[in-house]
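J.: At position 91 of the sequence shown (counting the first as 1) the number is 110 in our numbering, and the numbers step up by one without a gap.
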Amino acid sequence: AMTLDATTSVSMASFDLNFDSDTFVIDASANNIGIGTSSPTVKLDIETAASADGIDINNTAADGDPRIAFQLSGTSTFTMGVDDGDSDKFKIGTTAIGTSTRLIIDSSGNLGIGSTSPTTNLYLSESNTDTVPGFELEQLSTGDAGMQFSISGDSYAVGIDNSDNDNFKISYAAAAGTAALGTADRFVIDASGNVGVGSTSPATNFYVSESNTDTVPTVEFEQLSTGDAGMQFSISGDSYAVGIDNSDNDN
Numbered sequence: 020a021m022t023l024d025a026t027t028s029v030s031m032a033s034f035d036l037n038f039d040s041d042t043f044v045i046d047a048s049a050n051n052i053g054i055g056t057s058s059p060t061v062k063l064d065i066e067t068a069a070s071a072d073g074i075d076i077n078n079t080a081a082d083g084d085p086r087i088a089f090q091l092s093g094t095s096t097f098t099m100g101v102d103d104g105d106s107d108k109f110k111i112g113t114t115a116i117g118t119s120t121r122l123i124i125d126s127s128g129n130l131g132i133g134s135t136s137p138t139t140n141l142y143l144s145e146s147n148t149d150t151v152p153g154f155e156l157e158q159l160s161t162g163d164a165g166m167q168f169s170i171s172g173d174s175y176a177v178g179i180d181n182s183d184n185d186n187f188k189i190s191y192a193a194a195a196g197t198a199a200l201g202t203a204d205r206f207v208i209d210a211s212g213n214v215g216v217g218s219t220s221p222a223t224n225f226y227v228s229e230s231n232t233d234t235v236p237t238v239e240f241e242q243l244s245t246g247d248a249g250m251q252f253s254i255s256g257d258s259y260a261v262g263i264d265n266s267d268n269d270n
């Protein structure tokens, strides 16, 4: 057996070093280290055939943070790890996990971006003067840019239908996880700004369409207080109001 301690110096020159059949390997020609491999291809190459093997980083200090830092020219650009001083949250920060924290996962599984205390499964927060959106979904091919909301028995898809002139749509399906833009569209905004309810091709600024045997009104205006239930039509110089006058016997 060979024992190495702080006073021992080993020089292998250009020869490789292999401990215990690839348990620990130094490739002197490439200056790489391998664990579990005799041919490390990067500075530290760890390989295993066991399903549960990996790397453990354990900090036993009273308020220690197990972490990994990624550096450029000696300066940590991003650092990730567990913040022992903040309820053991997993964090990705800049020079430290608690410095300019970009992403957080708490013990409940809540994910925060721009927030140190996410209260929902995905929580996005920002505080700036930017006029760009805080959240963006981009489609780089011919698919739709959309998102889906589901509960048991129903789902809605919201987004841009790439196959229909890039119209913005809200679409419905009577099953969880099955809603698709372009199928059972309930609401449409086209590139001209026309809004369609029940129509996929609104021809006016606001277009309502239905095809059924219902006897209920297609459009309803409801006043829940003492005001009037009405609507107004205007052109330059003239306007008409149509509706129910709450102050005159509901005429």
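Using N, Cα and C, we set each Cβ at its ideal position, and we do this for glycine too. If you're wondering where the values come from, they're calculated on a predicted model, not measured in any experiment.
(1) Taking only the alpha-carbon atoms, compute the straight-line gap between residue 244 and residue 265 and give it to the nearest angstrom.
(2) So what does DSSP say about residue 188, is it helix, strand or coil?
(3) Spatial neighbours of residue 62 within its chain, please: C-beta separation below 8 Å, excluding the five flanking residues on both sides.
(4) Using CA atoms only, rank isn't needed, just tell me which of 237, 234 and 212 is closest to residue 225.
(5) In terms of DSSP beta bridges, what is residue 254 paired with?
(6) Taking DSSP as the reference, what is the three-state secondary structure of residue 269?
(7) Determine, using beta-carbon pairs with one atom in the region 175 to 185 and one in the region 200 to 217, whether at least three such pairs fall under 8 Å.
(8) Does DSSP put residue 243 in a helix, a strand or coil?
(9) Alpha carbon to alpha carbon, what distance is there between residue 138 and residue 55?
(10) Check for me: the beta strand (DSSP E) holding residue 51 runs from which residue to which?
(11) Within 10 angstroms of its Cβ, does residue 235 collect 16 or more other Cβ (buried), or is it exposed?
(12) How far does the beta strand (DSSP E) with residue 37 in it extend, from its first residue to its last?
T.: Put simply:
(1) 9 Å
(2) strand
(3) 50, 51 and 52
(4) 212
(5) 257
(6) coil
(7) yes
(8) coil
(9) 42 Å
(10) 51 to 54
(11) exposed
(12) 36 to 38
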